[in-house]
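Student: Structure incoming, see below.
There are 4 protein chains.
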Amino acid sequence: MIVAMQDTATEEHIQLVIERMVELGFRVHRTTGAAQTILAGVGTPEHFDVAEFKVLAGVHDAYRISSPYKLAGRNFRPEGTKITFPNGVVVGGKEVVIMAGPCSVESREQILDSAKKVAAAGAKFLRGGAYKPRSSPYSFQGMGVEGLKLLREVADETGLLVITEVMEISQIEVMLPYIDVFQIGARNMQNFNLLRELGHVRKPCLLKRGISATIEEVLLSAEYILSGGNYDLMLCERGIRTYETATRNTMDISAIPVLKKLTHLPVLGDPSHGVGIRDLVPPMALASVAAGADGLLMEMHPNPDKAMSDGAQSMYPEQLEKLVAQLRQLAPVVGRTVA
Amino acid sequence: MIVAMQDTATEEHIQLVIERMVELGFRVHRTTGAAQTILAGVGTPEHFDVAEFKVLAGVHDAYRISSPYKLAGRNFRPEGTKITFPNGVVVGGKEVVIMAGPCSVESREQILDSAKKVAAAGAKFLRGGAYKPRSSPYSFQGMGVEGLKLLREVADETGLLVITEVMEISQIEVMLPYIDVFQIGARNMQNFNLLRELGHVRKPCLLKRGISATIEEVLLSAEYILSGGNYDLMLCERGIRTYETATRNTMDISAIPVLKKLTHLPVLGDPSHGVGIRDLVPPMALASVAAGADGLLMEMHPNPDKAMSDGAQSMYPEQLEKLVAQLRQLAPVVGRTVA
Amino acid sequence: MIVAMQDTATEEHIQLVIERMVELGFRVHRTTGAAQTILAGVGTPEHFDVAEFKVLAGVHDAYRISSPYKLAGRNFRPEGTKITFPNGVVVGGKEVVIMAGPCSVESREQILDSAKKVAAAGAKFLRGGAYKPRSSPYSFQGMGVEGLKLLREVADETGLLVITEVMEISQIEVMLPYIDVFQIGARNMQNFNLLRELGHVRKPCLLKRGISATIEEVLLSAEYILSGGNYDLMLCERGIRTYETATRNTMDISAIPVLKKLTHLPVLGDPSHGVGIRDLVPPMALASVAAGADGLLMEMHPNPDKAMSDGAQSMYPEQLEKLVAQLRQLAPVVGRTVA
Amino acid sequence: MIVAMQDTATEEHIQLVIERMVELGFRVHRTTGAAQTILAGVGTPEHFDVAEFKVLAGVHDAYRISSPYKLAGRNFRPEGTKITFPNGVVVGGKEVVIMAGPCSVESREQILDSAKKVAAAGAKFLRGGAYKPRSSPYSFQGMGVEGLKLLREVADETGLLVITEVMEISQIEVMLPYIDVFQIGARNMQNFNLLRELGHVRKPCLLKRGISATIEEVLLSAEYILSGGNYDLMLCERGIRTYETATRNTMDISAIPVLKKLTHLPVLGDPSHGVGIRDLVPPMALASVAAGADGLLMEMHPNPDKAMSDGAQSMYPEQLEKLVAQLRQLAPVVGRTVA
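Residue numbers (our numbering), protein chains in the order written: chain A, 1495 to 1833; chain B, 1495 to 1833; chain C, 1495 to 1833; chain D, 1495 to 1833.
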């Protein structure tokens, strides 16, 4: 930590700051300038809150200089994390992995039809919500365990892996037999109790960026899972909330290369939630891979105009097919492949 | 719902939209202008997603015209909700109620000292976290049930009521014997499973606005609790995330009068989280009450420079005392009182 | 400036950073920690861009520690700036000053009626646009010089001072004979050529915060005017752009006490643009003064339902009257008065 | 326009709204539902402000249903605008056009070196600021007319076209002989007087999106230029301000396909300002073209570590060269080419 004093700070102010730094476990190096005194805290105490120093008398500003996350940092595994699934699919390798499917599981027929189309297009994962977080208590809340069973069944039939959202600690046990990846939704990115539990599970997780989460907060939430011992973790950019209303969210494509630099974890893009409008999904999917994404999570529905949720952002099957063809051409430009 | 067609929409486009509206349960009134056709959907189908219509071919835009929440709306209880506690304290009445205390319960001594000072200043509720949601897994996570016991003990000793945060469904049962108000933190505002459970509890709740929640989303989350049958609910503005970094968050003071107009539920302000800097708390507390707040939730610590969390935004005891004296003068200007 | 190196930085990285700092005119103090090296740059070179250091190889982060503005800083005039007008009105003193009037000057009758009502309510300044910045080229663009003449005429008749917006350098000369304060609108807060010209004028200015300007940017824009020699400058918070759509903008009330701490310049609040909805203006005006504002700039129209611009946010005359009565009661709570 | 009344609206409320609509020139169609009355205004009055209706008594909400811009809309020229320069370069055609160069013109040597490298890499336009909008009055403000002359000189020598920023009406005449495109910076996107003047010039313009401008506001500002008769206009996404601080701005890549749908004007991306960090420029440039951009505007400096402005976001020459090679491979995936 570094504390820069105001040019009007008194020696007494300076001594009080030094005292507090020492108390926390820092060794303090002092630089006295003509205008300002600078206090550099050397050492890495377990707990300290840089905000506390910002409001001490005589302080101009205080800066945390060490990264607040450790296990999530790129240095921890410079070569990058690869997650290998039992069927040989790898996330975080050279191949850009595609995950697609409807927003919600609605019926056996709908999810089977989806799975077939998703598999035909070249995706490796089937997505589909069994438990649905909905802003309104009056909206469709998902099929629950029945949906999980259907997902497993049709995924096995079509050779796909299953990714689906977990909303609550009590669902973890229920979900385990049916799924391949626990998806943590944007609204639960800081549900720390849930994160901590998922750290103790031996099943890959995909953590979505919260709707107004900073990149640092994403990595701190990742740290909750990693510090429990679960290293099979992917991150996912899915749009942030801004003032712009032309799209549902503003997809922060730059978060993809920023995260790739800061962390060893695979980074996916979710253009469906990123923009929320079907026809914008293909260009944003292409942009995500151009910017370095390790995979894509997208909504496709066999009949989106009749979908029970998120129909407006679900692609038609033929859109997905055409998009994957384009992705196959684009991936080599950035040194990647699409199956 | 209203659908405005593009001026280039064909009759076929129009018919497809009408068909879909009828399918959902709307009766459709059509207005054909020289430029644009307007379709007004009369009736209130249970489920429909206005976004779905926005992307149909030939549609310019679609508007939901009924409020998506019902029980939370002002019309449901035009006279306003008053929550009466066993000791006679009322939230939502003429009196502006003050809730104060440290961010976290740290020790018996600290919380007792806090309670005494809070009571002396004129507050009716003691706040203090036993379970703490922290961005980093390495930060202090609270004393848990030990903290709950201490809160109850010192509150009883000083004649205060207890408000403290619930983070997880499994904590509800544990907390019930010790607390008077369940506080739902900003990060859990859309933890819908937790909200639904709290709807079945017979104990007042305070729901904080999520860090990037719209006012409509706050009211939809409130609807989750109300629709479970728990009507003793307060809302709380605690700052939203914007581009400005001079303050921790940007406290949206206007949310207070906006909410007072839209809902019958009492609305409090939390200037401590709203701005995150101790010396800005008193002016923002005064502003909240001037704008119509029914109460204030604030952090005060007997020794904020040594607080285990949020020390930077905790007032000194003498700041709280002085502030309450000012609030007593200010409240009558807006037709209220402070005890 | 301080540069914190990464823990993986090599000695070569460190030497290159030191070299560049020295080149810019810094003396460099080096602190070598077990993990990270910290380089403190002492001295204040005229030009340097902290962003340049953030991207140098081996750098963790770089921090500017001196304030980028000088004349606008509180230290420059710790006692605060008072602007005294020829008729004895003072902005920045104990009295909270009220400026009110319609969005646009529309006719002699309308502006005279406005002036009378504004004066009767207790305001000291008449506001009203003669040149109007409008998002659409098809909207009413103001009466121009004819509007300026009317403003002066009715202000003289009613004993008020005139504040009105300047949009363009060429308007300065034209406006000088008719006005008392040049208002710089939010859209022109970073029209640096205009600011520089206004620095050479000997007439007070009011600088509005840009719709997404940080507080530091407001002060840097103020610096443009001050550095030209014009010290009679007021600042004005008028709402920032956020994701919330329940109000036109989100009025950042906390900007008022933050600015009062950082600068010696008077700070006003404009609740009309801050929220954009008539009935929310009084609570936000009260909140502004409770939070420390030196004055208020507000829209009132004798017949807002027929206003040619911004009718939705213009108060009815009786609303203004009632509000000023409340402000008279509230001001003493924060040690101020309203005439 | 459509006005949806509240379910509690009285007949008197409804009549007052109808009256006001008729007064403005609308014919009104009324739909009376069991719950709510809907008033559809048919016709297109010149001036009306939808906000005015939102605050009338008994109104639930009001919606503008016609687009507020006309000349900028896609319908006005469904085939898209192509801007052809004297040397045969076309913007808005099949070829993705590259514009590159330093932030500022600093010296003959620097700008000549830049021009050579930019031309060698395959760019068609040389960018470089002669007039610089800088947040601080103490920063380098550009070389002015001397810079313009150098730009023209080296561009002619290297076969490039010149694009540079205009900040002020008085600069237009001065710039005309030296430049090929007037660039309107983000801070001037709503400098309406400047826009209006540029509408009367017969020289192409590039309008950058303001740092917090909505897409609709961009198109309304475009309308100012188009309505003056200047149709040779390009738009440019250059990052918006959000809460995220990992990048200088958040580049809204989705604005590119959204604009391509709404308007016939060519749309470029500026990843340098979009993210502000050199190493992120190539991935964001690739993403821009993948999402449909007609061109790129980028900063490259022969020696960015010594640049007088924006060095941190200027690419090294070899980065630009490598990027253009990748763009040549990528463009065909989306049906485009790069020279």
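Idealized CB from N, CA, C, for every residue including glycine.
#1: Measure from the C-beta of PRO1796/C to each C-beta in chain D and report whether the shortest distance is under 8 Å.
#2: Can you name the start and end residues of the beta strand (DSSP E) that PHE1835/B belongs to?
#3: When the Cα atoms are used, what is the spatial distance from PRO1698/C to PHE1676/C?
#4: If you scan the segment 1696-1770 of chain B from start to end, which runs of the alpha helix (DSSP H) of 4 or more residues do you find wholly inside it?
#5: What is the residue span of the alpha helix (DSSP H) that ARG1822/D lies within?
#6: Would you give the residue range spanned by the beta strand (DSSP E) that GLN1530/A belongs to?
#7: Can we say the segment 1523-1542 of chain A touches the segment 1572-1584 of chain A, given the rule of at least three CB pairs closer than 8 Å?
#8: For the segment 1695-1715 of chain A and the segment 1709-1716 of chain D, state whether three or more C-beta atom pairs, one from each stretch, are separated by less than 8 Å.
#9: Which class does ALA1551/D belong to by DSSP, given the choice of helix, strand or coil?
#10: Counting only beta-carbon atoms, is ILE1734/A nearer than 8 Å to chain D?
#11: Decide yes or no for the touch test of the segment 1811-1829 of chain A against the segment 1805-1816 of chain D: beta carbon pairs closer than 8 Å, at least 3 of them.
#12: Which residues in chain A have a C-beta closer than 7 Å to the C-beta of GLN1820/D? List them in chain order.
#13: According to the Cβ coordinates, are VAL1544/A and ARG1521/A closer than 8 Å?
#14: With distance defined between alpha-carbon atoms, name the residue in MET1669/B, SER1664/B, SER1748/B nearest to ALA1644/B.
#15: With a threshold of 8 Å between beta carbons, is GLY1527/A in contact with chain C?
#16: Give a yes or no on whether the C-beta atoms belonging to PHE1547/A and VAL1516/A are separated by under 8 Å.
#17: Mind checking the segment 1536-1553 of chain A against chain B and listing, in chain order, the residues whose C-beta falls within less than 7 Å of any C-beta there?
#18: Identify which residue in VAL1590/A, LEU1642/A, VAL1585/A has its Cα closest to the Cα of ARG1602/A.
#19: Tell me which residue opens and which closes the beta strand (DSSP E) that ARG1621/D is part of.
#20: State yes or no: is the beta carbon of GLN1684/C nearer than 8 Å to at least one beta carbon in chain A?
#21: Can you find the residues in the same chain that come closer than 6 Å, C-beta to C-beta, to VAL1591/D, ignoring five residues on each side of it along the sequence?
#22: Run down chain A in chain order and give the residues with a C-beta less than 7 Å from the C-beta of PHE1520/B.
#23: What span of residues does the alpha helix (DSSP H) with ALA1779/B cover, start to end?
#24: Run through DSSP, which three-state label would GLU1573/A get?
#25: Below 8 Å, can you find three or more Cβ-Cβ pairs linking the segment 1506-1513 of chain A to the segment 1733-1740 of chain B?
#26: For LEU1714/B and chain A, any beta-carbon pair shorter than 8 Å?
#27: For HIS1694/C, which residues in the same chain have their Cβ closer than 8 Å to its Cβ, ignoring the five residues on either side in sequence?
#28: Any beta-carbon of chain B closer than 8 Å to the one on SER1629/A?
#29: With a Cβ-Cβ cutoff of 8 Å, do GLU1793/C and ALA1615/C count as a contact?
#30: Cutting at 8 Å between CB atoms, please list the residues of its own chain near ILE1673/A, excluding the five before and the five after it.
#31: Shortest alpha-carbon distance to TYR1483/A belongs to which of GLY1636/A, MET1778/A, LEU1688/A, SER1706/A?
#32: Considering only the beta carbon of each residue, do LEU1620/D and LEU1654/D sit closer than 8 Å?
#33: Helix, strand or coil for VAL1832/B? Go by DSSP, reduced to three states.
#34: Using a Cβ-Cβ cutoff of less than 6 Å, which residues in the same chain neighbour SER1748/D once the five nearest sequence positions on both sides are dropped?
#35: Does PRO1798/A pass the burial test, meaning 16 or more other C-beta atoms within 10 Å, or should it be called exposed?
#36: Rounding to the nearest angstrom, what Cα-Cα distance links GLY1519/B and TYR1632/A in this structure?
Tutor: Looking at the coordinates:
#1: No, its Cβ sits nowhere closer than 8 Å to a Cβ of chain D.
#2: Residue coverage of chain B in this structure runs from 1495 to 1833, which leaves residue 1835/B outside it and unanswerable.
#3: Cα-Cα distance, rounded: 6 Å.
#4: 1709-1720, 1749-1756, 1765-1769
#5: 1811-1824
#6: Where GLN1530/A is concerned, there is no enclosing beta strand (DSSP E), given that its DSSP letter is neither H nor E.
#7: no
#8: Cβ pair count under 8 Å is below three, so no.
#9: coil
#10: yes
#11: no
#12: Correct list: VAL1827.
#13: no
#14: The sequence given here has Leu at residue 1644/B, not Ala. Ranking MET1669/B, SER1664/B, SER1748/B by Cα distance to LEU1644/B puts MET1669/B first.
#15: yes
#16: no
#17: GLU1540, HIS1541, ASP1543, ALA1545, GLU1546, LYS1548, VAL1549
#18: Proximity to ARG1602/A across VAL1590/A, LEU1642/A, VAL1585/A peaks at LEU1642/A, based on C-alpha coordinates.
#19: 1619-1621
#20: So, not an interface residue.
#21: VAL1585, LYS1618, GLY1789
#22: In chain order: nothing, as chain A lies at least about 16 Å away.
#23: The continuous alpha helix (DSSP H) containing ALA1779/B extends over residues 1775-1784.
#24: coil
#25: no
#26: yes
#27: GLY1722, GLY1723, ASN1724
#28: yes
#29: no
#30: LEU1642, LEU1645, ARG1646, VAL1656, ILE1657, THR1658, LYS1697
#31: An answer regarding residue 1483/A cannot be provided, because it is not within the stretch 1495 to 1833 covered by chain A.
#32: yes
#33: Judged by DSSP in its simplified three-state form, VAL1832/B adopts coil rather than helix or strand.
#34: The beta carbon of SER1748/D lies closer than 6 Å to none in the same chain, with the five residues before and after it left out.
#35: buried
#36: Using only the alpha carbons, I get a separation of about 16 Å.
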